[in-house]
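A.B. asks: Here's a structure for you.
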DNA sequence: GACAACGTAGCACGATCGTTCGTTTTTATC
DNA sequence: GATAAAAACGAACGATCGTGCTACGTTGTC
């Protein structure tokens, strides 16, 4: 873990908020500096390239998501409650203000190799692991059928969130949330494969 | 429908390809002009603002998706085959080269009101309708259970595609495709809700 | 209180952004 | 082949991009 002084944290927090509405690429150092209230060069000195700034925003995003959503869920007793707590938090995280910088970055950089994409890949995998683990715990607790593969469920659930985001935020579909909840139920119940 | 001369179509086709790798915002008129092989101002004259260019790229994307993927599927006999043909085409469309400009734009503009967002919303709704209709046809043909709501299935399926895209393209997960297929099976089969 | 280290500001760089303008080249019409 | 219309061009605009450099102010240490 890296040392972080007060100013740098304040910058990152502002950058995080800004990135939620404009993404990582359209976030410019000039606009960020104006919003923070300091000079472009003074801000720039904390990071030594825009690429590094983007990476640290992703880091900050991950840390915020973990402490605000994952950590509280982990405190719940082992079982499906943890998973649902994460999902509730995630939905709120998606709905409230702006979208998720990680998702935005994932789409922006999916075809642009580089350090940022590597960081995105890393964070996405971590998120998948969190989901997958939570599913596994729910299975072990007997809350959901053991036929279900945790990785399969995780990928499906990830899709439910992404889809919800599009339907709710872009298409402004009033039914988006209830459909999301139905989707979750479907994923977590037994699968009656007709072969 | 608008009249379109040869040059404009060529520009849009090139822009479409470029947008698949960099998105709509990072696509600059200068870089596009260079790739097309004409001057910035000459190209700019065809559209009268960058915003209009972005909208026409989205239009072009929609038209291409329709003729390349939806139209061939419609020619198949009524039933689940149509839906699966669309999904096959969509997966290939997502996997082959770059991602989908519409999806990228949806993420980029979800919190930026304006004409572009309106166009994105319009196209997404059209895509949802296409999916929903295909599901409904499959139900009517008796290929999938009638308990399933077409809109519900459409939102789920949309999520499966988005998730697949992230897992395959960003996380480079080898199992992404097979999980996607499982997800599709799950969505299209009966739901055994344990209340 | 001298001194080193650090955080921040100011200024400027070359590049590129979207856009405008006037001119030249191409195309179509008679 | 003359002429009008349309298409493409080169140059330039003011603004902003990311990034350096230098200097000034603050802070902590001896």
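Residue numbers (this note's numbering), protein chains in the order written: chain A, 246 to 440; chain B, 246 to 440.
For glycine and all other residues, C-beta sits at the position ideal for the given N, C-alpha and C.
What you are looking at is a predicted structure, and each value in this text was computed from that prediction instead of being measured.
(1) Residues of chain B with a CB under 8 Å from the CB of residue 313(A): which are they?
(2) In chain order, what are the residue ranges of uninterrupted alpha helix (DSSP H) at least 4 long that sit wholly in the stretch 315 to 347 of chain B?
(3) For chain A, find out if any of its Cβ atoms is closer than 8 Å to the Cβ of residue 347(B); answer yes or no.
(4) Between residue 395(A) and the rest of its own chain, which residues show a CB-CB distance below 6 Å, the 5 nearest in sequence each way excluded?
(5) Hey, how far is the Cα of residue 439(A) from the Cα of residue 330(B)?
(6) Which residue's Cα is closest to the Cα of residue 328(A): 251(A), 364(A) and 314(A)?
(7) Taking only the alpha-carbon atoms, compute the straight-line gap between residue 367(A) and residue 252(B) and give it to the nearest angstrom.
(8) Residue 322(A) to residue 383(A), Cα distance in whole Å?
(9) Closer than 9 Å between beta carbons: that is the criterion. Which residues of the stretch 372 to 398 of chain B meet it against chain A?
(10) Go through its chain and collect everything with a Cβ distance to residue 437(B)'s Cβ below 7 Å, but skip five positions before and after it.
(11) So is residue 257(A) in contact with chain B if we call contact Cβ pairs under 8 Å?
(12) Using only the alpha-carbon positions, how far apart do residue 287(B) and residue 421(A) sit?
(13) Considering only the alpha carbon of each residue, which of 397(A), 405(A), 388(A) and 400(A) lies closest to residue 397(B)?
(14) To the nearest angstrom, how far is it from the Cα of residue 283(B) to the Cα of residue 361(A)?
(15) Pick out whichever of 432(B), 358(B), 415(B) and 256(B) has its Cα sitting closest to the Cα of residue 344(B).
(16) Could you check the C-alpha separation between residue 373(A) and residue 391(B) for me, to the nearest Å?
(17) Whole angstroms are fine: how far does the CA of residue 250(A) sit from the CA of residue 259(A)?
(18) Name the residue from 273(B), 293(B) and 339(B) whose alpha carbon lies nearest to the alpha carbon of residue 412(B).
(19) Counting only the same chain and skipping the five closest in sequence on each side, list residues whose C-beta sits under 6 Å from that of residue 264(A).
(20) How big is the Cα-Cα spacing for residue 335(A) and residue 402(A)?
C.D. replies: On the basis of the supplied data:
(1) Within the first chain, residue 313(A) is the residue found at index 68, counting from 1. Chain B residues near residue 313(A): none, gap ~20 Å exceeds 8 Å.
(2) Taking 4 residues as the minimum length, the alpha helix (DSSP H) runs contained wholly in the stretch 315 to 347 of chain B are 316 to 319 and 325 to 340, in order along the chain.
(3) Position 102 of the second chain, counted from the start, is the residue given in the question as residue 347(B). So no, residue 347(B) is outside the interface.
(4) Position 150 of the first chain, counted from the start, is the residue given in the question as residue 395(A). Within the same chain, residue 395(A) has close Cβ partners 377, 380 and 381.
(5) Reading the first chain from its first residue, position 194 is the one you call residue 439(A). Reading the second chain from its first residue, position 85 is the one you call residue 330(B). Caution applies to residue 439(A), whose pLDDT of 42 falls short of 50 and renders its modelled position unreliable; the model cannot decide the point.
(6) For the purposes of this step, residue 328(A) is identified with residue 83 of the first chain, where counting begins at 1. The candidate whose alpha carbon is nearest that of residue 328(A) is 314(A).
(7) The sequence position of residue 367(A) within the first chain is 122, counting from 1. The sequence position of residue 252(B) within the second chain is 7, counting from 1. Cα-Cα distance, rounded: 42 Å.
(8) Against the first chain, residue 322(A) aligns to sequence position 77. Against the first chain, residue 383(A) aligns to sequence position 138. If you draw a straight line from the Cα of residue 322(A) to the Cα of residue 383(A), it is about 10 Å long.
(9) Within the stretch 372 to 398 of chain B, contact with chain A at the beta-carbon level (separation under 9 Å) is assigned to 373, 394, 396 and 397.
(10) Counting from 1 along the second chain, the entry for residue 437(B) is found at position 192. Only weak support exists for where residue 437(B) lies, its pLDDT of 49 falling under 50; the value from the coordinates is given anyway. Setting aside the 5 residues that flank it on each side, residue 437(B) has no residue in the same chain whose C-beta is closer than 7 Å to its C-beta.
(11) As a working note, residue 257(A) is residue 12 in the first chain. No - not a single Cβ of chain B is within 8 Å of the one on residue 257(A).
(12) By 1-based counting over the second chain, the position of residue 287(B) is 42. By 1-based counting over the first chain, the position of residue 421(A) is 176. It is roughly 44 Å from the alpha-carbon of residue 287(B) to the alpha-carbon of residue 421(A).
(13) The sequence position of residue 397(B) within the second chain is 152, counting from 1. The candidate whose alpha carbon is nearest that of residue 397(B) is 405(A).
(14) Translated into the one-based positions of the second chain, residue 283(B) becomes position 38. Translated into the one-based positions of the first chain, residue 361(A) becomes position 116. Residue 283(B) and residue 361(A): Cα-Cα distance of roughly 32 Å.
(15) As a first step, residue 344(B) must be located in the second chain, where it is residue number 99. Selection 432(B), 358(B), 415(B) and 256(B) evaluated against residue 344(B) yields 415(B) as nearest (Cα-Cα).
(16) Position 128 of the first chain, counted from the start, is the residue given in the question as residue 373(A). Position 146 of the second chain, counted from the start, is the residue given in the question as residue 391(B). Distance between the alpha carbons of residue 373(A) and residue 391(B) is about 33 Å.
(17) The residue you call residue 259(A) lines up with position 14 of the first chain. The residue you call residue 250(A) lines up with position 5 of the first chain. Just so you know, the alpha carbons of residue 259(A) and residue 250(A) end up roughly 15 Å apart.
(18) Taking the first residue of the second chain as position 1, residue 412(B) is located at position 167. If we check each option's Cα against that of residue 412(B), 339(B) comes out closest.
(19) Working through the first chain from its first residue, we reach residue 264(A) at position 19. If we look at residue 264(A) and ignore the five residues flanking it on each side, its Cβ neighbours are 272, 302 and 346.
(20) As a working note, residue 335(A) is residue 90 in the first chain. As a working note, residue 402(A) is residue 157 in the first chain. If I take the Cα positions, the gap works out to 11 Å.
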